[in-house]
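Undergrad: This is the structure I want to talk about, given as structure tokens.
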Amino acid sequence: MSTPARGAAPARPIVPQVIAHRGASAEAPENTAAAFRRALAIGVDAVELDVHLSADGEPVVIHDHLLDRTTDGRGPVGAFSLAALRQRDAGRWFGEPFTGERILPLAEALDLLRGVRVIVEVKNAPVANPGVAGRVAAVIREAAHPAVAVSSFDHPVLVEIKKQLPSLETAVLYVARPVNPLRLAQDAGAAVLHPHWAMLTPDLITSAHAAGLRVETWVVDEPEDLQRIVAMGSDGVMTNRPERLRNVLAGLGYPLPRPVGS
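Numbers 5 to 266, taken from this note's numbering, label the letters of the sequence shown in order.
See below:
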């Protein structure tokens, strides 16, 4: 009997990809090198991260459009140059041992995560930046990472990035229930749906697979929820606690991703 492919469709049973949301962000400050290294050490298939543009047009890895929550700085990310952002402490808020963690340029994060798939969520709100698609595409092209996907709630950004990188995998993010999520993906030229886990149903997964789409849901942390999502057949699960997802998969006898470097 062949081993089921990780995150593949339509093979059954589906072994969902273990996707570390902002890295192993329950154990280290989100979107930092510490969180990414921890995810690699645990063993994941993919790491999801978020990017905004700096004032000088560099994609930087941070979730919020403001520095306030996850750094010792204040104000919009887009108001500061990359050099200024690199001076901010992005770890101490999480715990004293992480003092000195810095905001990463996307290029540096891609280099660090070369051993796994990387999902780059492009942030383009609340202030839209018309140059974000081009800058992110340029960094991805130059990085030559073997497995990058781009996701966004701003679906026109996905269309623009696909124009510049036609072979790039893209995913449509959504949190409310759209009239037709398959149409969202079709209109954006995307290969993957990224619904909030509360939107996930067996019918959605079946319909997506029939249309040639994969489904990767976010963000699932509790063991009972992880078990339910895995049972539905989601192709990937984003979690702040990848070790918990690994435990669920191990309990079902599924193969696990190897720690990078092991």
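We put the beta carbon where it would ideally sit given N, CA and C, even for glycine.
Helix, strand or coil, according to DSSP, for Thr174 in the structure here?
TA: Taking the first residue of the sequence shown as 1, we reach residue 174 at position 170. In this structure, Thr174 counts as strand in the three-state DSSP scheme.
Undergrad: Comparing alpha-carbon positions, which option in Glu100, Leu204, Ala195, Pro160 lies nearest Ile233?
TA: Reading the sequence shown from its first residue, position 229 is the one you call residue 233. Residue Leu204 is the option with its Cα nearest to Ile233.
Undergrad: By a C-beta neighbour count over all protein chains shown, 10 Å radius and 16 as the cutoff for buried, is Val120 buried or exposed?
TA: The residue you call residue 120 lines up with position 116 of the sequence shown. Label assigned to Val120: buried.
Undergrad: Between Leu169 and Val122, what straight-line distance do the alpha-carbon atoms span, to the nearest angstrom?
TA: As a first step, residue 169 is located in the sequence shown; it is residue number 165 there, counting from the start. As a first step, residue 122 is located in the sequence shown; it is residue number 118 there, counting from the start. One Cα belongs to Leu169, the other to Val122, and the distance between them is close to 16 Å.
Undergrad: Does the segment 195 to 213 touch the segment 165 to 184, meaning 3 or more C-beta pairs lie closer than 8 Å?
TA: yes
Undergrad: Quick one: what does DSSP say His67 is sitting in, helix, strand or coil?
TA: For the purposes of this step, residue 67 is taken as the residue at position 63 of the sequence shown. In the structure shown, His67 sits in coil (DSSP, three-state: anything other than H, G, I, E or B).
Undergrad: Within 8 Å, do at least three Cβ pairs link the segment 64 to 75 to the segment 146 to 165?
TA: no
Undergrad: The beta strand (DSSP E) with Asp54 in it runs from where to where?
TA: Here residue 54 corresponds to residue number 50 of the sequence shown, with the count starting at 1. Looking at the DSSP string, the run of the beta strand (DSSP E) that includes Asp54 is 50 to 57.
Undergrad: Please report the residue range of the alpha helix (DSSP H) in which His159 lies.
TA: Within the sequence shown, residue 159 is the residue found at index 155, counting from 1. Note, His159: alpha helix (DSSP H), 159 to 168.
Undergrad: On the criterion of 16 or more Cβ atoms from any shown chain inside 10 Å, does Gly265 qualify as buried, or is it exposed?
TA: Numbered from 1 along the sequence shown, position 261 holds the residue referred to as residue 265. Residue burial is scored here from C-beta neighbours: Gly265 has fewer than 16 other C-beta atoms within 10 angstroms and is therefore classed as exposed.
Undergrad: What's the call for Arg145, buried or exposed, on a 16-neighbour Cβ count within 10 Å?
TA: The residue given as residue 145 occupies position 141 in the sequence shown. Residue environment analysis places Arg145 among the exposed positions, since fewer than 16 neighbouring C-beta atoms fall within 10 angstroms of its C-beta.
Undergrad: Please classify Val179 as buried or exposed, where buried requires at least 16 neighbouring CB atoms within 10 angstroms.
TA: Within the sequence shown, residue 179 is the residue found at index 175, counting from 1. So Val179 counts as exposed.
Undergrad: Given this structure, state the Cα-to-Cα distance separating Gly77 from Ala142, to the nearest angstrom.
TA: Taking the first residue of the sequence shown as 1, we reach residue 77 at position 73. Taking the first residue of the sequence shown as 1, we reach residue 142 at position 138. So the two alpha carbons sit approximately 27 Å from each other.
Undergrad: Would you report the Cα separation of Val19 and Tyr258, rounded to the nearest angstrom?
TA: The sequence position of residue 19 within the sequence shown is 15, counting from 1. The sequence position of residue 258 within the sequence shown is 254, counting from 1. Cα-Cα distance, rounded: 7 Å.
Undergrad: What's the call for Asn184, buried or exposed, on a 16-neighbour Cβ count within 10 Å?
TA: Walking along the sequence shown from the start, residue 184 turns up at place 180. When all chains shown are included, Asn184 counts as exposed.
Undergrad: Helix or strand or just coil, what does DSSP make of Trp201?
TA: Mapped onto the sequence shown, residue 201 falls at position 197. Here Trp201 sits in helix by DSSP.
Undergrad: From this set, Glu228, Lys166, Glu62, Gln190, which residue's C-alpha is nearest Ile107's C-alpha?
TA: In the sequence shown, residue 107 corresponds to position 103, counting from 1. The shortest C-alpha separation from Ile107 is found at Glu62.
Undergrad: Assuming the contact rule is C-beta atoms closer than 8 Å, Arg245 and Leu260 should be a hit. Round their C-beta distance to whole Å, please.
TA: Counting from 1 along the sequence shown, the entry for residue 245 is found at position 241. Counting from 1 along the sequence shown, the entry for residue 260 is found at position 256. Rounded, the Cβ-Cβ distance is 15 Å, inconsistent with contact.
Undergrad: By a C-beta neighbour count over all protein chains shown, 10 Å radius and 16 as the cutoff for buried, is Ala212 buried or exposed?
TA: Here residue 212 refers to the residue found at position 208 of the sequence shown. Label assigned to Ala212: buried.
Undergrad: Taking all protein chains shown into account, decide if Val131 is buried (16 or more other Cβ within 10 angstroms of its Cβ) or exposed.
TA: The sequence position of residue 131 within the sequence shown is 127, counting from 1. It counts as exposed.
Undergrad: For the alpha helix (DSSP H) that contains Gln231, what are its first and last residues?
TA: Locating residue 231 in the sequence shown gives position 227, counting from the first residue. Run containing Gln231: 227 to 236, per the alpha helix (DSSP H) assignment.
Undergrad: By the three-class DSSP mapping on this structure, what secondary structure does Val252 have?
TA: Taking the first residue of the sequence shown as 1, we reach residue 252 at position 248. Val252 falls in the helix class under three-state DSSP.
Undergrad: May I ask which residues mark the beginning and end of the beta strand (DSSP E) holding Val140?
TA: On the sequence shown, position 136 is the one that residue 140 refers to. Premise fails: Val140 lies in the alpha helix (DSSP H), 136 to 147, not in any beta strand (DSSP E).
Undergrad: So Glu105 and Ala113 are in contact, right, with Cβ under 8 Å, and what is the actual spacing, rounded?
TA: Walking along the sequence shown from the start, residue 105 turns up at place 101. Walking along the sequence shown from the start, residue 113 turns up at place 109. Wrong, their Cβ atoms sit about 12 Å apart, outside the cutoff.
Undergrad: Our contact map puts Gly135 next to Leu57 with C-beta atoms below 8 Å; I'd like the distance itself, whole angstroms only.
TA: Locating residue 135 in the sequence shown gives position 131, counting from the first residue. Locating residue 57 in the sequence shown gives position 53, counting from the first residue. By a beta-carbon distance limit of 8 Å, Gly135 contacts Leu57. Their separation comes to about 7 Å.
Undergrad: Rounded to whole angstroms, what is the Cα-Cα separation between Phe102 and Trp201?
TA: Numbered from its first residue, the sequence shown carries residue 102 at position 98. Numbered from its first residue, the sequence shown carries residue 201 at position 197. Here the alpha carbon of Phe102 sits roughly 30 Å from the alpha carbon of Trp201.
Undergrad: Between Thr243 and Ala43, what straight-line distance do the alpha-carbon atoms span, to the nearest angstrom?
TA: Sequence index remark: in the sequence shown, residue 243 carries index 239 (1-based). Sequence index remark: in the sequence shown, residue 43 carries index 39 (1-based). The C-alpha of Ala43 is placed about 11 Å away from the C-alpha of Thr243.
Undergrad: My assumption, with CB atoms under 8 Å, is that Asn35 sits in contact with Arg26. Please give the rounded CB distance.
TA: Taking the sequence shown and counting its residues from 1, the one referred to as residue 35 is at position 31. Taking the sequence shown and counting its residues from 1, the one referred to as residue 26 is at position 22. The pair is a contact, with the Cβ atoms about 5 Å apart (cut-off 8 Å).
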